[in-house]
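Trainee: Take this structure, written in C-alpha cells, and hold onto it; I'll ask about it next.
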Amino acid sequence: MGDRLENLTNAISLLKKQGIQAVNTSAVYETAAWGNTDQASFLNQAILAETNLTAAQLIRKILKTEKQMGRVRKEKYGPRIIDIDILLFNEETYRYPFLKVPHPELQNRRFALVPLAEIAAEVMHPVLKKNISELLAVCPDTLAVKKYA
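Spelled out as C-alpha cells, the structure:
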C-alpha cells in the first residue's frame, strides 16, 4: 500500500536505527499478490543484514518497525504497507509460536527465492539441505517475478 518503493527504503532505514545493518540488498522485484490474488502487485526485496541481536530479538525489532510504518494486521495475505520476514538466520533453526526460521514456506515462494538467490544463491537451507539456487530451480510456484523498473 502507498508508495511501495519508498516503503522498502524506509524499512531499511528504520531497521538500521535499531542495530540491523543491511550489508547487501537485492534488486526490487514485482510480483502478483500471492495467497489473496484480488489486490495490487507486491514489491519484494531480499536483504542480507548483520546484527548482534538474537533471532527472537530481531523479530521483535521487525514487528516494531512494521508498526512504526503503520502496518495493521487485518487479514491474512491482505494488502499491507510492509511485510518483513526472516527467511534465514545463519544456519540456525527456530520453531517458536511467534517465529519459525527458516521461513516454513520459503521453498514454495518464487517472490522470496528470486531476490534471495540474487544475494545468497549458494547459502544452504539448514533443513532442506539445498542451496537457494537449487530451491529456486524446483520451486512449484509459477507466479512471474520481474525486476521493478
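Per the working numbering, numbering of the sequence shown is gapless, rising by one per residue and ending at 980.
The C-beta atom is built at its ideal place from N, Cα and C for all residues, glycine as well.
Values in this document were obtained by computation on a predicted structure and should not be read as measured data.
#1: Taking only three categories from DSSP, how would you classify L839?
#2: Is it the case that the Cβ atoms of I912 and G833 are separated by a distance below 8 Å?
#3: In this structure, does DSSP put V854 in helix, strand or coil?
#4: Count the other CB atoms, across all protein chains shown, that sit within 10 Å of the CB of T896; report buried if there are 16 or more and exposed otherwise.
#5: Grouping DSSP H, G and I as helix and E and B as strand, with all else coil, what is A871?
#6: Taking the beta carbon of N921 as the centre, do at least 16 other beta carbons fall within 10 Å, making it buried, or is it exposed?
#7: Which residues mark the beginning and the end of the beta strand (DSSP E) in which R926 is found?
#8: At what residues does the beta strand (DSSP E) containing I878 begin and finish?
#9: Less than 8 Å between the beta carbons of L918 and P933, yes or no?
Mentor: This is what the structure gives:
#1: Looking at L839 - three-state DSSP - the assignment turns out to be helix.
#2: In contact: I912 and G833 (Cβ atoms closer than 8 Å).
#3: Correct three-state label for V854: strand.
#4: T896 is buried by the Cβ-count criterion.
#5: A871 falls in the coil class under three-state DSSP.
#6: Label assigned to N921: exposed.
#7: Where R926 is concerned, the enclosing beta strand (DSSP E) stretches over Y925 to Y927.
#8: Per DSSP, the continuous beta strand (DSSP E) segment holding I878 begins and ends at I878 to E881.
#9: Yes; because the gap between Cβ atoms is below 8 Å, this pair is in contact.
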